[in-house]
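2 protein chains.
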Amino acid sequence: MNIGEIARRSGVSRSTVSYALSGKRPVSEGTRRRIQAVIDELGYQPNAAARALKEGRTRTIALVIPPASQRLTDVQLGFVASIVDAAARADLDVLLSPSGGEHDRSFERVVSGRRVDGVILMEIRLDDDRVARLGQIGLPFVGIGRTARPESMSWVDIDYETLIARCVHHLADLGHRQVALVDRSAELAAAGYGPSHRAQAGFTRAAAERGLTGVRACCADDAAAGLTCVERLLAAHPGLTAIATINEAAIPGMYRALAEAGRKVPADFSIAGVSARHWAENLHPPLTAADVPADELGARAMELLLQRIADPGIPHRHLLVAPPISLRGTTGPARVRESS
Amino acid sequence: MNIGEIARRSGVSRSTVSYALSGKRPVSEGTRRRIQAVIDELGYQPNAAARALKEGRTRTIALVIPPASQRLTDVQLGFVASIVDAAARADLDVLLSPSGGEHDRSFERVVSGRRVDGVILMEIRLDDDRVARLGQIGLPFVGIGRTARPESMSWVDIDYETLIARCVHHLADLGHRQVALVDRSAELAAAGYGPSHRAQAGFTRAAAERGLTGVRACCADDAAAGLTCVERLLAAHPGLTAIATINEAAIPGMYRALAEAGRKVPADFSIAGVSARHWAENLHPPLTAADVPADELGARAMELLLQRIADPGIPHRHLLVAPPISLRGTTGPARVRESS
DNA sequence: ATGTTCATTCGAACCGATTCGACTTCGGCG
DNA sequence: CGCCGAAGTCGAATCGGTTCGAATGAACAT
Numbered sequence: 001m002n003i004g005e006i007a008r009r010s011g012v013s014r015s016t017v018s019y020a021l022s023g024k025r026p027v028s029e030g031t032r033r034r035i036q037a038v039i040d041e042l043g044y045q046p047n048a049a050a051r052a053l054k055e056g057r058t059r060t061i062a063l064v065i066p067p068a069s070q071r072l073t074d075v076q077l078g079f080v081a082s083i084v085d086a087a088a089r090a091d092l093d094v095l096l097s098p099s100g101g102e103h104d105r106s107f108e109r110v111v112s113g114r115r116v117d118g119v120i121l122m123e124i125r126l127d128d129d130r131v132a133r134l135g136q137i138g139l140p141f142v143g144i145g146r147t148a149r150p151e152s153m154s155w156v157d158i159d160y161e162t163l164i165a166r167c168v169h170h171l172a173d174l175g176h177r178q179v180a181l182v183d184r185s186a187e188l189a190a191a192g193y194g195p196s197h198r199a200q201a202g203f204t205r206a207a208a209e210r211g212l213t214g215v216r217a218c219c220a221d222d223a224a225a226g227l228t229c230v231e232r233l234l235a236a237h238p239g240l241t242a243i244a245t246i247n248e249a250a251i252p253g254m255y256r257a258l259a260e261a262g263r264k265v266p267a268d269f270s271i272a273g274v275s276a277r278h279w280a281e282n283l284h285p286p287l288t289a290a291d292v293p294a295d296e297l298g299a300r301a302m303e304l305l306l307q308r309i310a311d312p313g314i315p316h317r318h319l320l321v322a323p324p325i326s327l328r329g330t331t332g333p334a335r336v337r338e339s340s
Numbered sequence: 001m002n003i004g005e006i007a008r009r010s011g012v013s014r015s016t017v018s019y020a021l022s023g024k025r026p027v028s029e030g031t032r033r034r035i036q037a038v039i040d041e042l043g044y045q046p047n048a049a050a051r052a053l054k055e056g057r058t059r060t061i062a063l064v065i066p067p068a069s070q071r072l073t074d075v076q077l078g079f080v081a082s083i084v085d086a087a088a089r090a091d092l093d094v095l096l097s098p099s100g101g102e103h104d105r106s107f108e109r110v111v112s113g114r115r116v117d118g119v120i121l122m123e124i125r126l127d128d129d130r131v132a133r134l135g136q137i138g139l140p141f142v143g144i145g146r147t148a149r150p151e152s153m154s155w156v157d158i159d160y161e162t163l164i165a166r167c168v169h170h171l172a173d174l175g176h177r178q179v180a181l182v183d184r185s186a187e188l189a190a191a192g193y194g195p196s197h198r199a200q201a202g203f204t205r206a207a208a209e210r211g212l213t214g215v216r217a218c219c220a221d222d223a224a225a226g227l228t229c230v231e232r233l234l235a236a237h238p239g240l241t242a243i244a245t246i247n248e249a250a251i252p253g254m255y256r257a258l259a260e261a262g263r264k265v266p267a268d269f270s271i272a273g274v275s276a277r278h279w280a281e282n283l284h285p286p287l288t289a290a291d292v293p294a295d296e297l298g299a300r301a302m303e304l305l306l307q308r309i310a311d312p313g314i315p316h317r318h319l320l321v322a323p324p325i326s327l328r329g330t331t332g333p334a335r336v337r338e339s340s
C-alpha cells in the first residue's frame, strides 16, 4: 500500500501519483480520476515517515507537559485541550512529552531527533534548560509561561504578579488587615517556577502598599495539602482573615480547613484566587477569582508557533493577560474582631 | 547533524557509526570511543523519520481521546496520565488524537499514514467504526472499554454493570425504595456508548431483583447539568431518596441541587457512584463510590499493547475490573417518610 | 514539411537512517 | 608457509515518498 503500488495499478509513474495528490504540477483530468479511484479503493495514505524524511518537516508539534506523576490542574487541562484542538484544526498532530526532571529522555528524543516541527512548553521556570536547548537546536517554540529573560523567546503568559496584587487590593478594600498568599509547592518555587516568584512579588508589593501583614505559604497541588496548609496558617496566625492564592488544586482543601475551624466563607474569612472559570464556578461557594482564559491563551500560543514555524526569522511576540477578578461568593467585608 | 557528518568527523563509514550505536555488529573499542566522542560533542540523535522509514516502526503510539470540546473527567485524566507515564518508561512517544465525530481527519491520518506502531482507544462505543478500521489496517490496538463483540479485540474495562448493580444493592440494603440512575449524556448513550448501556442494564436488573422503583436520567458531563438534572428528578419523583451514578463530572452539581432542595446528604438522601478515588475523597461530603483504578488500568492497557506490537499474532486478552465500593460519607439509611 | 509551444508524463536523484554481502587484516594452526 | 576463521570495516541497496530535468507527443504556425 505504497505510492508505487498506486502507480502500478493506475498505470502511471510514481511521480505522477505524487503530483496528482499534491497538485504541484498539472495532471490531466482523466489520469487524476483514475489515480483517485485506486487510492479510494485501497484507502491509501502517504507514509508519514517517508514524507517527513524528504520534506524535512513532520507536521507534528510537541506539547511539553509537567511529568505524569502530578495531576494536571484545571487551568493546565484547559491549555492542553485548546492546543490539541487548535492543532487538529491546522492538520497537525500533537506529541505529548512529559518533562520536568533534570535529565529527560522523552524531551531530548523528541527534540533532537527532529520528531516535531515545533514545541509548546508548559511550566517554564525562570531559568529553564529546555529553553536553552531548543534555542541551541534551532527548533521553533512558544512558551506558556516565560523565563527570566522573556525578550528572547515567544510566549503567552498569565500576569500572576498583577493578578495577585489585585486580589490583595480587593481584600484590603474589604478591610482585611492580615492576608496570606498560598503558593504552589515549595519544590516548584525552589526550582525557579515563574508564577510562584511573580505572585510573591505582586503579593509583597501590594501588601506593602496597603500596609497589610502578609504571610506566604507553599502548598502541594492537591486538596489534602490545602487542608493542612490552611490549618497551619490559622494556628500560626489567628488574626488572619483572608487568603489570596494561585493554587487552584488546593482550594477544596482550604474550604474544608476553614469549615472545620468554624470560619464561614465569606462571612468570617475571604478567599480570592486565580483559576479556571469552570472550576471557580463549581466550587461551593463559588470562588472569587481572576478567570484564566486558558482556551484563548492556548489558541494564541498555537498561532504564535505556526508563525514561527512558517518563518523562524520573525521577531518574537508576547502576550501577557491579566483578566479582571470575577466577584463571586468567597470575599466579603472583614468582620470586626470581637477582641478589639 | 546527520549520520554522514558523524562518520566524516570520526573518519569511518556511515555503517560503522550505525553499528557502533546499535551494537548489532562488533566495532573496535577505539573506533567506538572516537565515534561516541563526536556524537557527544555535537549532541547527535538519529533522525526519527529516517529511522522509522527504514525500520518500519515509529516507536510511537497513538492515544485516542474524546474530542477536545468536552473536558476530560478525572477518571479519563487518570488513564491519560498513566499511559503517558508507561509509554515514557518504555521509551515510546505518545501521539494524542482527538476523535469522536463521524469522520475524523486526525484519526485517519495517524492510523493509515502509519504514524504509530499501535493505538490505545478511549471512549469506545458498542459498535465502533474505529475498531473496524484498525482491524482492517492491521494496526495493533487496545481498548479502554469494549465493543458489543469483545472477544475480537484486546481491552481493559470497568465493569459498570456490576458496579452500578452493587450500588443499587447497597442502597436497597439501606432501605431505599426509589432510586435513580444518573447516566452520562443522552448523545453518548444514543451513540451506543458502552458504559451507559451496561450501567443501565445493571441498574434495571438490580432494581428488579430488589423490587425497587428505578428511574434513569441522562446528564451532560458538567456540574451545571448535574444540578438541573437532579432538580428535575426531585420534582418528578418526590419520593426519590437515592441516586446511583457513573457521571462523576456532574456530581458537584447534584450536591448543590440536593442542598438547595433542603435534602441533607446522607441523612435525607444517598448517593453512590463510580469515580476516581481522589475525586471522591475531595468532594464534601466524600463520595461513597467504587474507586476506579485508572492508573492500574492504563498501565495494563499499555502492557497489552506492547505485547501485541511485539507479536500481533497472540490471542486477545481482556481485563474487566469491578473494584469494591468504598463507603464514605454519602450513603446512609433511608429516612422513614413522614407521610407514612 | 519543419519548427515551436504547451501540456503531460517519466526517470532518476535525494532525504537519513539500517543492513547485507564482501573485503581486508590478523592470529592460530596444520 | 599457506590456509582458515573471526574481527572489523566499507560500499551499496533499501525504505517510500518528493522534486527536478528531460522526454514525449499533439496542436499550431510558418
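Residue numbers (full-length UniProt numbering), protein chains in the order written: chain Y, 1 to 340; chain W, 1 to 340.
We treat Cβ as the ideally placed atom computed from N, Cα and C, and that holds for glycine.
Here the structure is a predicted model, which means the values were calculated and not measured.
Beta-carbon of residue i versus every beta-carbon of chain W: anything under 7 Å?
i	result
leucine 95(Y)	yes
arginine 184(Y)	no
serine 112(Y)	yes
leucine 230(Y)	The sequence given here has valine at residue 230(Y), not leucine. No, valine 230(Y) does not count as interfacial toward chain W.
asparagine 282(Y)	yes
glutamine 36(Y)	no
arginine 115(Y)	yes
Considering just the uninterrupted stretch of the alpha helix (DSSP H) at residue i, what are its terminal residues?
i	result
methionine 254(Y)	251 to 260
isoleucine 39(W)	29 to 42
arginine 57(W)	It is not in any alpha helix (DSSP H) - arginine 57(W) carries neither H nor E in the DSSP assignment.
leucine 297(Y)	294 to 310
threonine 245(W)	Counting along the chain, threonine 245(W) falls outside any alpha helix (DSSP H), though it belongs to the beta strand (DSSP E) covering 242 to 245.
What separation, rounded to the nearest whole angstrom, lies between the Cα atoms of residue i and residue j?
i	j	result
residue 424(W)	arginine 71(W)	The structure shown does not extend to residue 424(W), since chain W is modelled only from 1 to 340, so the question has no answer here.
serine 340(Y)	glycine 175(Y)	In this prediction, serine 340(Y) scores a pLDDT of 42, lower than 50, which makes its location untrustworthy; no coordinate-derived value is stated.
arginine 25(Y)	tyrosine 44(Y)	21 Å
aspartate 183(Y)	cysteine 229(Y)	10 Å
tyrosine 19(W)	leucine 95(Y)	29 Å
alanine 208(Y)	alanine 172(Y)	11 Å
residue 341(Y)	serine 10(W)	As displayed, chain Y neither begins before 1 nor continues past 340, which places residue 341(Y) out of reach and without an answer.
leucine 283(W)	proline 312(Y)	47 Å
proline 293(W)	leucine 21(Y)	46 Å
proline 285(Y)	proline 266(Y)	9 Å
arginine 308(W)	isoleucine 246(W)	31 Å
isoleucine 164(W)	alanine 81(W)	26 Å
phenylalanine 141(Y)	leucine 212(W)	59 Å
leucine 287(Y)	threonine 331(W)	28 Å
aspartate 324(Y)	serine 69(Y)	In the sequence under discussion, the amino acid at residue 324(Y) is proline, which differs from the aspartate named in the question. If you take the alpha carbons of proline 324(Y) and serine 69(Y), they lie about 32 Å apart.
histidine 318(Y)	leucine 306(Y)	14 Å
histidine 170(W)	threonine 162(W)	12 Å
alanine 220(W)	serine 185(W)	4 Å
Would you grab the beta carbon distance between residue i and residue j for me? Rounded to a whole angstrom, and I think it's under 8 Å.
i	j	result
serine 270(Y)	alanine 242(Y)	4 Å
isoleucine 6(Y)	valine 38(Y)	5 Å
isoleucine 137(W)	isoleucine 61(W)	Not really, about 15 Å apart at Cβ, beyond 8 Å.
residue 351(Y)	arginine 115(W)	Since the first and last residues shown for chain Y are 1 and 340, residue 351(Y) lies out of range.
threonine 147(W)	aspartate 159(W)	With a Cβ gap of about 15 Å, threonine 147(W) and aspartate 159(W) do not count as contacting.
As a quick exercise: from the options, pick the residue whose alpha carbon is nearest that of residue i.
i	options	result
arginine 166(W)	Arg198(W), Arg51(W), Trp155(W), Ala148(W)	Arg198(W)
valine 215(W)	Ala257(W), Gly4(W), Leu240(W)	Leu240(W)
proline 98(W)	Arg130(W), Ala48(W), Trp155(W), Leu92(W)	Arg130(W)
alanine 201(W)	Glu187(W), Val168(W), Ala172(W)	Val168(W)
leucine 234(Y)	His316(Y), Leu258(Y), Ala276(Y), Arg328(Y)	Leu258(Y)
aspartate 117(Y)	Ala310(Y), Pro333(Y), Ser326(Y), Ile314(Y)	Ala310(Y)
residue 342(W)	Thr147(W), Arg149(W), Arg210(W)	Missing from the structure shown is residue 342(W); chain W here goes from 1 to 340 and no further.
alanine 48(W)	Leu319(W), Pro293(W), Leu188(W), Arg57(W)	Arg57(W)
serine 154(Y)	Leu297(Y), Gly332(Y), Ala334(Y)	Leu297(Y)
Would residue i pass as an interface residue toward chain Y - the criterion being a Cβ-Cβ separation below 7 Å?
i	result
serine 339(W)	Legend: pLDDT at serine 339(W) = 48, less than 50; position of this residue unreliable, no value from coordinates given.
serine 10(W)	no
proline 323(W)	no
serine 106(W)	yes
isoleucine 144(W)	no
proline 98(W)	yes
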